[in-house]
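Accompanying notes for the structure given below.
Numbering (our numbering), first residue to last: 246 to 496.
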């Protein structure tokens, strides 16, 4: 919606043509961006860059966000793009990028917005109901590996943030568009896993998959405890039965 604002596009076009005063351009565009940020709790800060990545205008004097060469910035030059959540200090953020075109469909800038991604990360990684070893992971394919979105700090994935595709077969199936539940290996550990594709960026070719997993030993722990209880009860019954049989034969 921001990229379609007529006044913003006119100012960017005028700046590209050199027909607008720089102070007027900065004051006017900054107010437009600040109004847009104030209208949504999700927007933390907004800025616009040239194709080269140089910042033209922004809501903040000091940005600290991704600039030229960043994958989100580059993706936003062609299509609207929602980046993978990142950890920024103690917070989670994601970057929204989109190309801005003038009335004649000529490129005049890239809109960048920093979003508060805390709720998104919580939604995608909530392990509620999965017991102690349970974990929800979301990943995307990068070459022959899987890059994970925000693994838990105590997860076995927290170090590298990625694993070879063949070490996460359930996630590989989810990335191929499949959905199901099965006993499988995840990073060389036997787990019970449910998997499905996630439409995180439906306008792009990059696929995302989600896996909810729990260690197999823990998943089957109630069954194992019941089996042990039955064996104990069976042993007691055998002992009692033998005792009764011996008592009967002595009479």
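Quick reminder that beta carbons are idealized off the backbone N, C-alpha and C, glycines included.
Opening and closing residue of the beta strand (DSSP E) in which residue i lies
{"i": "residue 252", "result": "Residue 252 -> not in any beta strand (DSSP E); alpha helix (DSSP H) instead, spanning 251-262."}
{"i": "residue 359", "result": "352-361"}
{"i": "residue 427", "result": "425-431"}
{"i": "residue 438", "result": "434-443"}
{"i": "residue 392", "result": "390-393"}
{"i": "residue 302", "result": "300-303"}
{"i": "residue 407", "result": "407-409"}
Per-residue burial, residue i [other beta carbons within 10 Å of its own, 16 or more giving buried]
{"i": "residue 297", "result": "exposed"}
{"i": "residue 294", "result": "buried"}
{"i": "residue 264", "result": "exposed"}
{"i": "residue 285", "result": "exposed"}
{"i": "residue 357", "result": "buried"}
{"i": "residue 332", "result": "exposed"}
{"i": "residue 326", "result": "buried"}
{"i": "residue 460", "result": "buried"}
{"i": "residue 262", "result": "exposed"}
{"i": "residue 364", "result": "exposed"}
{"i": "residue 341", "result": "buried"}
{"i": "residue 444", "result": "exposed"}
{"i": "residue 366", "result": "buried"}
Backbone secondary structure at residue i - three-state DSSP
{"i": "residue 494", "result": "Confidence is the limiting factor: at residue 494 the pLDDT is only 48, short of 50, which leaves the residue's position unreliable and the question unanswerable from this model."}
{"i": "residue 268", "result": "helix"}
{"i": "residue 414", "result": "helix"}
{"i": "residue 489", "result": "Caution is warranted here: a pLDDT of 47 is assigned to residue 489, below 50, making its placement in the model unreliable, and no coordinate value can be reported."}
{"i": "residue 385", "result": "strand"}
{"i": "residue 274", "result": "helix"}
{"i": "residue 377", "result": "coil"}
{"i": "residue 289", "result": "strand"}
{"i": "residue 368", "result": "helix"}
{"i": "residue 282", "result": "helix"}
{"i": "residue 457", "result": "strand"}
CA nearest to the CA of residue i, picked from the options
{"i": "residue 250", "options": "432, 348, 385", "result": "348"}
{"i": "residue 300", "options": "286, 275, 281, 285", "result": "275"}
{"i": "residue 236", "options": "455, 368, 394", "result": "Shown here, the chain extends from 246 to 496; a query on residue 236 therefore has no answer."}
{"i": "residue 281", "options": "416, 453, 377, 303", "result": "303"}
{"i": "residue 277", "options": "433, 252, 337, 451", "result": "252"}
{"i": "residue 316", "options": "343, 306, 335, 337", "result": "343"}
{"i": "residue 503", "options": "381, 391, 288", "result": "Beyond the ends of the chain as shown, which are 246 and 496, falls residue 503; an answer cannot be given."}
{"i": "residue 334", "options": "361, 386, 273", "result": "361"}
{"i": "residue 338", "options": "346, 329, 445", "result": "329"}
{"i": "residue 351", "options": "290, 322, 378", "result": "322"}
{"i": "residue 411", "options": "433, 427, 394", "result": "433"}
Start and end residues, alpha helix (DSSP H) containing residue i
{"i": "residue 462", "result": "461-464"}
Any non-hydrogen atom of the ligand COA closer than 7 Å to residue i Cβ
{"i": "residue 406", "result": "With respect to small molecules bound, the structure shown includes none, and the ligand COA cannot be examined in it."}
> Where are the alpha helix (DSSP H) runs, 4 residues long or more, that stay fully inside the segment 311-349, in chain order?
Replying inline: Considered as a whole, the segment 311-349 harbours 316-320 as its complete alpha helix (DSSP H) runs of no fewer than 4 residues, in chain order.
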